[in-house]
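Numbering (this note's numbering), first residue to last: 7 to 524.
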Ligand code: GLN
């Protein structure tokens, strides 16, 4: 097994024990990307030169800092290689949001979460594919083509952080940084058999994310184990003066307790609206098995009801287009990225630059959402749609908060099914919106949730979702970690598929995968 297969925790220990260096770890990941990404297409940009320089610097820093009193937490991510979703700004490394309109955009500053990871010494390997502007659940909306699921290359990896999830599952990196606006970390994590954490809204800063839905966007990690998610969260979280919605809350300890069967006294709610007909049998069976496992660990279950769940999708698909139609207004052909002029420079009509740049730069789904959102916000319809949706959102929030007063957390499937085939439903936007049925609720309410591998359906990974109280990621980590200690699902690797890889296919993406620096 190559070094690239390690968890953060395992690699961190070997780095601390001087058994490996960050340069070796980083090289192993870069080699893996070269071997398998021709087939998986998780990466849009790989910054090999920069990554190796960062790894070298991390090794130097470790030699100096290790042993210094109190250095422990500061070194948790030192020298650990990761990939970031391409809607998170990285200074000097292109950020495209998987859109033609930003194809060559290089941000002049780092997102706060990237800055924090840099300060902690994590090594940025590159940027991963997503649905354009994070609109989607499959990565099929990427302007640069879909990513493929490492468990079955004919299937989607989920989305919008599909490149993230595929890369972690295929061991191209030790962890990935994604964003979750309406399920985009948890659903791909579930489809690819990895852990995906959506932190509480306000826990990690949105500054430097390419905004989708500002009232629900939140950055978070995709990892190979629950404890790794806790480690990354401890580094990226905290108040940020550049994001007024962040909250200064102490974060849970990144190093989790190890005692087994420690769920005695814990009560887990099963919301009946999430266990419905239409969920695949294999998914329901995996969830039932997980419930039995939790019982063995000492947890008690209680059936609960969240009657407003059925309004989650309609409310989300009014609020999200409304907010993103406004957020995407800045891409006008003047300020950033693609600018389409047809006359002599200086003589072109401004309106024509707007319409041509936006017309050619945005993909179909982005345009659809801009139109839906503009409509929902327009005079005459605002009260009927947007305002009404906000009222129902408040109901959904109150209801979830109340239920969470009666139990410690909730357990649900992350998705009603495992990964579907590429192209299977890409022409059916409504069907695609329904993909989000179990994941948007927590985005509308701001609560934290984690998807954890809990089995397989016909050889494809299945994830379960744990939903916690506001700012109580600690319970999710404790419950998830106990489950991982009792099961092996998170250790399964899609080796068969990847082992059959004929090797690097440099052709198709060579124009997208290259070094970039100032
Ligand atoms: N499937 C959701 C959507 O299409 C995912 C959004 C997200 O979390 N970025 O809106």
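Ideal Cβ positions, reconstructed from N, Cα and C, are used throughout, including at glycine. All figures in this text were calculated on a predicted structure; none of them were measured in a lab.
- prompt: Would you report the Cα separation of residue 422 and residue 430, rounded to the nearest angstrom?
  reply: Residue 422 and residue 430 have their C-alpha atoms some 16 Å from each other.
query: Taking contact to mean at least 3 C-beta pairs separated by less than 8 Å, is the region 60-72 in contact with the region 149-166?
result: The answer is no - the region 149-166 does not touch the region 60-72, with fewer than three Cβ pairs under 8 Å.
field: Residues near residue 446 in its chain [Cβ-Cβ closer than 7 Å; skip 5 each side]
entry: So the list reads 188, 189, 318, 319 and 322, once near-sequence residues are dropped.
task: Quick one: grab the DSSP three-state call for residue 89.
output: Residue 89 falls in the strand class under three-state DSSP.
query: How many angstroms separate the CA atom of residue 17 from the CA atom of residue 365?
result: For residue 17 and residue 365, the distance between alpha carbons rounds to 46 Å.
query: Going straight from the alpha carbon of residue 280 to that of residue 477, what length do you get?
result: Cα to Cα, residue 280 sits roughly 23 Å from residue 477.
- request: Give the straight-line distance between the Cα atoms of residue 438 and residue 64, rounded to the nearest whole angstrom.
  value: A straight-line Cα-Cα distance of about 42 Å links residue 438 and residue 64.
query: Does the beta carbon of residue 138 fall short of 8 Å from some heavy atom of the ligand GLN?
result: No, Cβ of residue 138 sits at least 8 Å from all heavy atoms of the ligand GLN.
- prompt: According to the neighbour-count rule (16 or more other Cβ atoms, all chains shown, within 10 Å of its Cβ), is residue 406 buried or exposed?
  reply: It is buried - the Cβ of residue 406 has at least 16 other Cβ atoms within 10 Å.
message: Quick test of the definition: if touching needs 3 or more C-beta pairs under 8 Å, does the region 31-50 touch the region 129-148?
response: Verdict: yes, contact present.
- request: Could you pull out every residue in the same chain whose Cβ sits closer than 7 Å to the Cβ of residue 463, ignoring the five residues on either side in sequence?
  value: Excluding sequence neighbours, residue 463 sits near 286, 288, 289, 292 and 424.
query: For residue 257 versus residue 209, is the C-beta distance shorter than 9 Å?
result: Pairing residue 257 with residue 209 gives a Cβ-Cβ distance under 9 Å.
query: What residues match up with residue 471 in a beta bridge as DSSP calls it?
result: Partner(s): 418 and 457.
Same chain, Cβ closer than 6 Å to residue 380, neighbours up to 5 away in sequence not counted: Within the same chain, and ignoring the five residues on either side of residue 380 in sequence, the residues whose Cβ sits closer than 6 Å to its Cβ are 331.
- prompt: Roughly how many angstroms lie between the CA atoms of residue 223 and residue 451, to the nearest whole one?
  reply: As the crow flies, the alpha-carbon of residue 223 is around 12 Å from that of residue 451.
message: Assess contact between the region 192-204 and the region 162-182, defined as three or more Cβ pairs (one per stretch) separated by less than 8 Å. Is contact present?
response: Because the criterion of three Cβ pairs below 8 Å is met, the region 192-204 and the region 162-182 touch.
query: Out of curiosity, what's the CA-to-CA distance linking residue 219 and residue 136?
result: So the alpha carbons of these two residues sit roughly 16 Å apart.
query: Whole-angstrom Cβ separation of residue 261 and residue 203, contact assumed at under 8 Å?
result: Distance from residue 261 to residue 203 at the Cβ level is roughly 16 Å; contact not present, criterion being Cβ atoms closer than 8 Å.
query: Helix, strand or coil: which one does DSSP assign to residue 225?
result: In this structure, residue 225 counts as strand in the three-state DSSP scheme.
Closest by C-alpha distance to residue 57, when choosing among 38, 42 and 85: Residue 85 is the option with its Cα nearest to residue 57.
- prompt: For residue 456, is the beta carbon positioned less than 8 Å from some heavy atom of the ligand GLN?
  reply: Not one heavy atom of the ligand GLN sits closer than 8 Å to the Cβ of residue 456.
query: Based on the DSSP output, what are the partners of residue 275 in its beta bridges?
result: The secondary-structure analysis by DSSP pairs residue 275 across a beta bridge with 308 and 416.
field: Check: residue 309 C-beta below 8 Å from any heavy atom of the ligand GLN
entry: Answer for residue 309: no, Cβ out of range of the ligand GLN.
query: First and last residue of the alpha helix (DSSP H) that includes residue 302?
result: For residue 302, the enclosing alpha helix (DSSP H) starts and ends at 287-302.
field: residue 248 versus 45, 117 and 155, residue with shortest Cα-Cα distance
entry: Of the listed residues, the one whose Cα sits closest to residue 248 is 117.
query: Hey, residue 482 and residue 459: beta-carbon distance below 9 Å or not?
result: Inclusion of residue 482 and residue 459 in the CB contact set at 9 Å is not warranted, their separation being larger than that value.
- request: Look at residue 237 and residue 26 and say whether their C-beta atoms are less than 9 Å apart.
  value: Cβ atoms of residue 237 and residue 26: not closer than 9 Å.
query: Nearest to residue 489 by alpha carbon, out of 38, 472 and 501?
result: Taking only the C-alpha atoms, the option nearest residue 489 is 472.
- prompt: Do residue 465 and residue 296 have their C-beta atoms within less than 9 Å of each other?
  reply: In this structure, residue 296 does not lie closer than 9 Å to residue 465 by Cβ.
query: What do you get for residue 74, buried or exposed, if any count of 16 or more other CB atoms within 10 angstroms of its CB means buried?
result: With a threshold of 16 other beta carbon atoms within 10 Å, residue 74 falls short and is exposed.
- request: Per DSSP, which residues does residue 133 bridge with? Please list them.
  value: BP columns for residue 133 point to 51 and 90.
Residues sharing a beta bridge with residue 181, DSSP: In the DSSP output, where bridge partners are listed per residue, residue 181 has 88.
Distance between residue 234 and residue 166 (C-alpha atoms, nearest Å): Note on geometry: alpha-carbon atoms of residue 166 and residue 234 lie some 21 Å from one another.
query: Roughly how many angstroms separate the alpha carbons of residue 426 and residue 171, rounded to a whole number?
result: When the Cα atoms are used, residue 426 and residue 171 turn out to be separated by approximately 15 Å.
query: residue 326 bridges to which residues according to DSSP?
result: Beta-bridge pairing links residue 326 to no other residue.
Cut-off 6 Å between Cβ atoms - residues of its own chain near residue 246, not counting five sequence neighbours on either side: The residues are 118, 211, 213 and 252.
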